[in-house]
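In mature numbering (1 follows the signal peptide of the UniProt record, and there is no 0), the protein residues as written are -19 to -1, 1 to 105. Report on the following structure.
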């Protein structure tokens, strides 16, 4: 009986220590446009940003500033039509709402909000 009582105390001590050890918290990472935008549009947007020279490729906050977003869309538009039209009209038409979704996620990340924000989103 003493052995099982000792084992019980030891087990409780182990569980107590284990309960105090917390799992590491994942670092908050800005959403990446390639996880949201149609694949056929990736190079179009990337090339537009490079040619415009207004933002770094991985700076979603910069991309989603209204004036920048308007310029990026204009510059990438023809390329998106050419690259995405054979994937179906839905791919071409989906780039605007998907870019809006991306910008909402960037705004949420930036502000730490859990609900979508309308900040920096253009309708067309």
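Heads up, the beta-carbon is just placed ideally off N, CA and C, and yes, glycines get one too. Just so it is clear, the structure is predicted and the values come from calculations on it, not from any experiment.
What first and last residue would you give for the alpha helix (DSSP H) that runs through residue i?
i: residue 85; result: 70 to 92
i: residue 62; result: 47 to 65
i: residue 18; result: Here residue 18 belongs to no alpha helix (DSSP H), and DSSP marks it neither H nor E.
What did DSSP end up calling residue i once you bin it into helix, strand or coil?
i: residue 106; result: No statement about residue 106 is possible, as the shown extent of the chain runs from -19 to 105 and does not include it.
i: residue 13; result: coil
i: residue 25; result: helix
Does the beta-carbon of residue i have 16 or more other beta-carbons within 10 angstroms, so that it is buried, or is it exposed?
i: residue 14; result: buried
i: residue 41; result: buried
i: residue 72; result: buried
i: residue 6; result: In this predicted model, residue 6 has a pLDDT of only 49, less than 50, meaning its place in the structure is not dependable enough to derive any value.
i: residue 38; result: exposed
Chain D beta carbons: is any one of them nearer than 9 Å to that of residue i?
i: residue 75; result: Looking for chain D here will not work: only one protein chain is present.
Looking at residue j and residue i, is the spacing between their C-beta atoms short of 9 Å?
i: residue 56; j: residue 74; result: no
i: residue 83; j: residue 35; result: no
i: residue 53; j: residue 30; result: yes
Practice task
Inspect the CB distances between the stretch 56 to 68 and the stretch 87 to 94 and report whether three or more fall short of 8 Å.
Solution key: no
Exercise for the section: Determine contact between the stretch 78 to 85 and the stretch 18 to 32, defined as no fewer than three beta-carbon pairs at a distance below 8 Å. Expected result: yes
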